[in-house]
């Protein structure tokens with residue numbers, strides 16, 4: 001059954017507004033969104049390093065570099081943009097409007113990625129029901145802005 005995956009997704013989703021709020025407060029004290037994002041990623045990197053040591057997973061960067069394309073290494077840049085953006089947007093839009101808009105953008109982009117099988121995702125056609133689901137998120141964004 002997939003329910004543990006849904007619980008993990010729910011936990012990750014709960015972390016998003018909490019992280020944005022924590023980082024926004026930090027940014028107001030240490031010099032803005034970019035500084036707060038740097039500290040957030042630094043602390044996160046330390047946490048991941050501890051996890052890697054405890055999990056005894058190997059980290060073979062040389063082998064990985066030989067087997068991957070350059071763009072496989074750009075996820076951190078996208079993450080830095082995302083975190084910096086949420087730090088900037090959270091106090092300006094509020095958590096609900098910011099995250100509703102982000103969720104819409106994620107759903108829209110995911111629909112395209114799935115439909116065309118981009119980034120090695122399995123192809124999942126953009127059916128009418130999936131498009132309607134994304135459209136309902138747009139309605140949600142409009143409603144939470146009020």
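Residue numbers (the UniProt record's numbering): 1 to 146. Using N, Cα and C, we set each Cβ at its ideal position, and we do this for glycine too.
Open item on the list: For residue 40, report the span of its alpha helix (DSSP H) as first-last.
Closed with: 33-55
Task: Span of the alpha helix (DSSP H) around residue 27 - done: 3-30 is the span of the alpha helix (DSSP H), which, as asked, contains residue 27.
Task: Range of the contiguous alpha helix (DSSP H) that encloses residue 129 - done: Run containing residue 129: 128-145, per the alpha helix (DSSP H) assignment.
- [ ] Compare the beta carbon distance of residue 140 and residue 100 with 7 Å and say whether it is the shorter of the two.
- [x] yes
Task: Distance between residue 79 and residue 93 (C-alpha atoms, nearest Å) - done: 20 Å
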